[in-house]
Amino acid sequence: MDTKYWGPSGWKLLHTITFAHPSPTGQKKATLKRFFHSLPFVLPCKYCRASLTEYMDALPIEDALESTAPYALARWFWKIHNCVNDKLRKQRLKIEEDPSFEDVKRFYLERMALSCSMSKFEGWEFLFSVAENHPYSKQSLTGKPMKDFPGKEHLAKASNSDKNRWNVLTPEERLVYTHDFWTALPELLPYKEWRTIWESSTDDWSSRKTSLQTLWKKRCNLEEKVRTYASLCQELRAHRSGCSKSIRAKTCRKRRNYR
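Heads up: the sequence shown begins at 1 in UniProt numbering, then just goes up one per residue.
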(Lines of atoms letter the chains of each structure in order from A and count residues from 1; the text may use other names and numbers.)
(Lines give C-alpha, C1' and ligand atoms only; values in the text may rest on other atoms or scores of the structure.)
Protein backbone atom coordinates (compact mmCIF):
# COMPACT_ATOMS: atom_id res chain seq x y z
CA MET A 1 0.00 0.00 0.00
CA ASP A 2 1.29 3.46 -0.93
CA THR A 3 2.57 5.19 2.21
CA LYS A 4 1.56 8.57 0.80
CA TYR A 5 -2.05 7.39 0.99
CA TRP A 6 -2.22 5.94 4.49
CA GLY A 7 0.80 7.49 6.22
CA PRO A 8 -0.48 11.02 7.02
CA SER A 9 -3.79 9.83 8.48
CA GLY A 10 -1.99 7.13 10.44
CA TRP A 11 0.39 9.61 12.04
CA LYS A 12 -2.50 11.88 13.02
CA LEU A 13 -4.51 9.09 14.60
CA LEU A 14 -1.56 7.56 16.45
CA HIS A 15 -0.21 10.87 17.74
CA THR A 16 -3.70 11.79 18.92
CA ILE A 17 -3.99 8.51 20.81
CA THR A 18 -0.70 9.10 22.63
CA PHE A 19 -1.63 12.65 23.63
CA ALA A 20 -5.07 11.50 24.76
CA HIS A 21 -3.39 9.36 27.43
CA PRO A 22 -0.85 11.59 29.21
CA SER A 23 -0.50 9.43 32.34
CA PRO A 24 -1.99 5.97 31.73
CA THR A 25 -2.34 3.48 34.56
CA GLY A 26 -3.59 -0.05 35.12
CA GLN A 27 -5.71 -1.53 32.33
CA LYS A 28 -5.24 1.48 30.08
CA LYS A 29 -1.47 1.06 30.22
CA ALA A 30 -1.82 -2.63 29.36
CA THR A 31 -4.08 -1.82 26.40
CA LEU A 32 -1.67 0.80 25.08
CA LYS A 33 1.18 -1.68 25.30
CA ARG A 34 -0.82 -4.34 23.45
CA PHE A 35 -1.88 -1.89 20.77
CA PHE A 36 1.55 -0.45 20.03
CA HIS A 37 3.24 -3.85 20.25
CA SER A 38 0.91 -4.98 17.45
CA LEU A 39 1.65 -1.96 15.25
CA PRO A 40 4.89 -3.18 13.59
CA PHE A 41 3.07 -6.36 12.56
CA VAL A 42 0.01 -4.75 10.94
CA LEU A 43 1.40 -1.82 8.95
CA PRO A 44 0.41 -2.19 5.26
CA CYS A 45 4.02 -2.05 3.99
CA LYS A 46 6.69 -4.69 4.63
CA TYR A 47 9.50 -2.12 4.70
CA CYS A 48 7.61 -0.03 7.24
CA ARG A 49 6.98 -3.12 9.36
CA ALA A 50 10.68 -3.99 9.33
CA SER A 51 11.78 -0.45 10.17
CA LEU A 52 9.28 0.04 12.99
CA THR A 53 10.31 -3.30 14.49
CA GLU A 54 13.90 -2.03 14.66
CA TYR A 55 12.92 1.38 16.06
CA MET A 56 10.77 -0.16 18.78
CA ASP A 57 13.56 -2.56 19.70
CA ALA A 58 15.89 0.41 20.09
CA LEU A 59 13.26 2.53 21.88
CA PRO A 60 11.18 0.14 24.02
CA ILE A 61 7.68 1.36 24.75
CA GLU A 62 7.95 -0.12 28.25
CA ASP A 63 10.28 2.71 29.27
CA ALA A 64 7.65 5.29 28.30
CA LEU A 65 4.78 3.44 29.95
CA GLU A 66 6.70 3.05 33.22
CA SER A 67 7.76 6.69 33.29
CA THR A 68 6.03 9.00 35.76
CA ALA A 69 6.54 12.02 33.51
CA PRO A 70 3.34 13.29 31.85
CA TYR A 71 3.13 12.65 28.10
CA ALA A 72 6.02 10.17 28.21
CA LEU A 73 4.21 7.97 25.68
CA ALA A 74 3.62 10.92 23.36
CA ARG A 75 7.31 11.85 23.60
CA TRP A 76 8.28 8.25 22.84
CA PHE A 77 6.11 8.21 19.71
CA TRP A 78 7.51 11.59 18.63
CA LYS A 79 10.97 9.97 18.72
CA ILE A 80 9.68 7.05 16.67
CA HIS A 81 8.29 9.50 14.09
CA ASN A 82 11.66 11.24 13.95
CA CYS A 83 13.35 7.89 13.27
CA VAL A 84 11.06 7.42 10.28
CA ASN A 85 11.87 10.93 9.05
CA ASP A 86 15.59 10.20 9.31
CA LYS A 87 15.15 7.06 7.20
CA LEU A 88 13.27 9.01 4.53
CA ARG A 89 15.98 11.68 4.42
CA LYS A 90 18.58 8.97 3.83
CA GLN A 91 16.44 7.92 0.87
CA ARG A 92 16.91 11.50 -0.41
CA LEU A 93 13.28 12.44 0.10
CA LYS A 94 12.52 16.03 1.02
CA ILE A 95 11.42 15.93 4.64
CA GLU A 96 11.01 19.06 6.72
CA GLU A 97 13.07 19.56 9.85
CA ASP A 98 11.70 17.63 12.82
CA PRO A 99 9.45 19.83 14.99
CA SER A 100 10.25 20.08 18.67
CA PHE A 101 8.23 17.94 21.04
CA GLU A 102 6.73 21.08 22.58
CA ASP A 103 5.49 22.22 19.17
CA VAL A 104 3.93 18.82 18.47
CA LYS A 105 2.37 18.76 21.93
CA ARG A 106 0.92 22.24 21.49
CA PHE A 107 -0.53 21.33 18.08
CA TYR A 108 -2.33 18.19 19.24
CA LEU A 109 -3.53 19.50 22.59
CA GLU A 110 -4.94 22.65 21.00
CA ARG A 111 -6.57 20.56 18.31
CA MET A 112 -8.12 18.15 20.79
CA ALA A 113 -9.38 21.06 22.90
CA LEU A 114 -11.53 22.22 19.99
CA SER A 115 -14.81 20.40 20.50
CA CYS A 116 -15.55 20.49 16.77
CA SER A 117 -12.50 18.33 16.12
CA MET A 118 -14.63 15.44 17.38
CA SER A 119 -16.71 15.71 14.21
CA LYS A 120 -13.82 14.56 11.99
CA PHE A 121 -12.32 11.13 12.55
CA GLU A 122 -8.67 11.13 11.49
CA GLY A 123 -7.27 7.82 10.39
CA TRP A 124 -9.70 6.18 7.98
CA GLU A 125 -7.14 5.80 5.17
CA PHE A 126 -4.73 4.18 7.59
CA LEU A 127 -7.30 1.83 9.13
CA PHE A 128 -8.75 0.70 5.80
CA SER A 129 -5.23 0.04 4.52
CA VAL A 130 -4.54 -2.15 7.55
CA ALA A 131 -7.77 -4.04 6.84
CA GLU A 132 -6.89 -4.35 3.15
CA ASN A 133 -3.53 -5.85 4.10
CA HIS A 134 -5.13 -8.57 6.27
CA PRO A 135 -2.86 -11.60 6.86
CA TYR A 136 -5.16 -13.74 4.70
CA SER A 137 -5.43 -11.22 1.86
CA LYS A 138 -3.96 -12.15 -1.52
CA GLN A 139 -1.47 -9.31 -1.18
CA SER A 140 -0.13 -10.69 2.10
CA LEU A 141 -0.18 -14.35 1.07
CA THR A 142 1.90 -13.63 -2.04
CA GLY A 143 4.41 -11.38 -0.28
CA LYS A 144 8.12 -12.03 -0.80
CA PRO A 145 10.77 -12.26 1.94
CA MET A 146 13.17 -9.37 2.44
CA LYS A 147 16.54 -9.54 0.71
CA ASP A 148 18.37 -10.08 4.00
CA PHE A 149 16.33 -13.20 4.88
CA PRO A 150 19.01 -15.73 5.90
CA GLY A 151 17.01 -18.80 4.91
CA LYS A 152 14.40 -21.22 6.22
CA GLU A 153 16.95 -23.02 8.37
CA HIS A 154 16.96 -20.01 10.71
CA LEU A 155 13.19 -19.92 11.29
CA ALA A 156 13.06 -22.46 14.12
CA LYS A 157 15.05 -20.24 16.49
CA ALA A 158 13.86 -16.88 15.13
CA SER A 159 11.63 -14.58 17.17
CA ASN A 160 8.46 -13.11 15.71
CA SER A 161 10.25 -9.76 15.53
CA ASP A 162 12.97 -11.34 13.38
CA LYS A 163 10.37 -13.01 11.17
CA ASN A 164 8.58 -9.68 10.85
CA ARG A 165 11.79 -7.98 9.73
CA TRP A 166 12.28 -10.68 7.10
CA ASN A 167 8.58 -10.66 6.11
CA VAL A 168 8.21 -14.40 6.68
CA LEU A 169 5.59 -14.54 9.44
CA THR A 170 2.84 -17.05 8.72
CA PRO A 171 -0.72 -15.72 8.36
CA GLU A 172 -1.62 -17.44 11.63
CA GLU A 173 1.23 -15.68 13.43
CA ARG A 174 0.30 -12.27 12.02
CA LEU A 175 -3.38 -12.78 12.77
CA VAL A 176 -2.66 -12.69 16.51
CA TYR A 177 -1.29 -9.16 16.18
CA THR A 178 -4.11 -8.12 13.87
CA HIS A 179 -6.60 -9.20 16.51
CA ASP A 180 -4.69 -7.29 19.21
CA PHE A 181 -4.68 -4.14 17.06
CA TRP A 182 -8.41 -4.09 16.35
CA THR A 183 -9.54 -5.12 19.83
CA ALA A 184 -7.32 -2.59 21.62
CA LEU A 185 -8.13 0.36 19.36
CA PRO A 186 -11.69 1.17 20.57
CA GLU A 187 -10.59 1.67 24.19
CA LEU A 188 -7.88 4.12 23.10
CA LEU A 189 -9.94 6.44 20.89
CA PRO A 190 -9.67 10.01 22.23
CA TYR A 191 -13.38 10.84 22.55
CA LYS A 192 -16.01 9.00 24.56
CA GLU A 193 -18.54 9.50 21.76
CA TRP A 194 -16.22 7.75 19.30
CA ARG A 195 -15.66 4.85 21.67
CA THR A 196 -19.38 4.37 22.27
CA ILE A 197 -20.29 4.43 18.58
CA TRP A 198 -17.35 2.19 17.63
CA GLU A 199 -18.34 -0.48 20.14
CA SER A 200 -22.04 -0.40 19.16
CA SER A 201 -21.55 -2.63 16.10
CA THR A 202 -20.36 -6.22 15.85
CA ASP A 203 -16.82 -7.08 14.76
CA ASP A 204 -15.39 -9.70 12.44
CA TRP A 205 -11.67 -9.31 11.74
CA SER A 206 -11.17 -12.88 10.49
CA SER A 207 -10.61 -12.03 6.82
CA ARG A 208 -9.92 -9.12 4.51
CA LYS A 209 -13.55 -9.03 3.32
CA THR A 210 -15.12 -9.14 6.77
CA SER A 211 -12.59 -6.63 8.12
CA LEU A 212 -13.42 -4.11 5.39
CA GLN A 213 -17.15 -4.68 5.95
CA THR A 214 -16.78 -4.26 9.71
CA LEU A 215 -14.76 -1.09 9.33
CA TRP A 216 -17.15 0.36 6.76
CA LYS A 217 -20.13 -0.16 9.11
CA LYS A 218 -18.24 1.59 11.89
CA ARG A 219 -17.41 4.49 9.62
CA CYS A 220 -21.03 4.85 8.51
CA ASN A 221 -22.27 4.70 12.11
CA LEU A 222 -19.70 7.21 13.28
CA GLU A 223 -20.25 9.69 10.49
CA GLU A 224 -24.04 9.44 10.79
CA LYS A 225 -23.92 10.22 14.51
CA VAL A 226 -21.43 13.09 14.32
CA ARG A 227 -22.87 14.65 11.17
CA THR A 228 -25.41 16.76 13.07
CA TYR A 229 -22.68 17.97 15.42
CA ALA A 230 -20.45 18.83 12.45
CA SER A 231 -23.34 20.73 10.86
CA LEU A 232 -23.77 22.72 14.06
CA CYS A 233 -20.07 23.60 14.08
CA GLN A 234 -20.29 24.69 10.46
CA GLU A 235 -23.38 26.79 11.16
CA LEU A 236 -21.73 28.50 14.11
CA ARG A 237 -18.60 29.27 12.09
CA ALA A 238 -20.73 30.76 9.34
CA HIS A 239 -22.37 33.15 11.79
CA ARG A 240 -19.29 34.39 13.62
CA SER A 241 -19.39 38.17 13.55
CA GLY A 242 -15.83 38.94 14.57
CA CYS A 243 -16.99 41.59 17.04
CA SER A 244 -14.68 40.26 19.76
CA LYS A 245 -11.71 41.42 17.67
CA SER A 246 -13.16 44.80 16.75
CA ILE A 247 -12.53 48.04 18.64
CA ARG A 248 -14.81 50.25 16.51
CA ALA A 249 -17.93 48.16 16.11
CA LYS A 250 -21.06 49.05 18.09
CA THR A 251 -22.83 45.76 17.49
CA CYS A 252 -22.10 42.09 17.02
CA ARG A 253 -24.38 41.96 14.00
CA LYS A 254 -22.40 40.45 11.15
CA ARG A 255 -21.81 42.82 8.26
CA ARG A 256 -23.26 41.88 4.91
CA ASN A 257 -21.58 42.62 1.61
CA TYR A 258 -23.91 44.45 -0.76
CA ARG A 259 -23.19 44.78 -4.43
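Backbone N, C-alpha and C define an ideal beta-carbon position, used for all residues, glycine too. The model shown is predicted, which means the values in this text are computed figures rather than measured ones.
query: Other residues of its chain near residue 165: CB distance less than 6 angstroms, five sequence neighbours each side excluded; result: 50, 53
query: Where residue 250 sits in the DSSP three-state scheme; result: Bear in mind that the predicted position of residue 250 carries a pLDDT of just 46, short of 50, making it unreliable; the figure below should be weighed with that in mind. DSSP places residue 250 in coil when its eight states are reduced to three.
query: Beta-carbon proximity of residue 83 to residue 64, cut-off 9 angstroms; result: no
query: N-terminal and C-terminal residue of the alpha helix (DSSP H) that residue 30 is part of; result: 26-42
query: Same chain only: Cβ atoms within 7 angstroms of residue 340, ignoring 5 sequence neighbours per side; result: Only positions 1 to 259 of the chain appear in the structure, and residue 340 is not among them; the question remains open.
query: CB-CB length for residue 71 against residue 105, believed under 8 angstroms; result: 6 angstroms
query: Reduced DSSP category for residue 202 - H, G, I as helix; E, B as strand; rest coil; result: coil
query: Other residues of its chain near residue 96: CB distance less than 7 angstroms, five sequence neighbours each side excluded; result: none
query: Given residue 56 as reference, the closest of 69, 36, 169, 129 once Cα atoms are compared; result: 36
query: DSSP state of residue 185 mapped onto helix, strand, coil; result: helix
query: Sequence-distant residues of its chain with Cβ nearer than 6 angstroms to residue 208 (five each side left out); result: 134, 137
query: Beta-carbon proximity of residue 226 to residue 193, cut-off 9 angstroms; result: yes
query: Per-residue burial, residue 123 [other beta carbons within 10 Å of its own, 16 or more giving buried]; result: buried
query: Cutoff 6 angstroms; reference residue 169; Cβ partners in own chain excluding five residues on either side; result: 163
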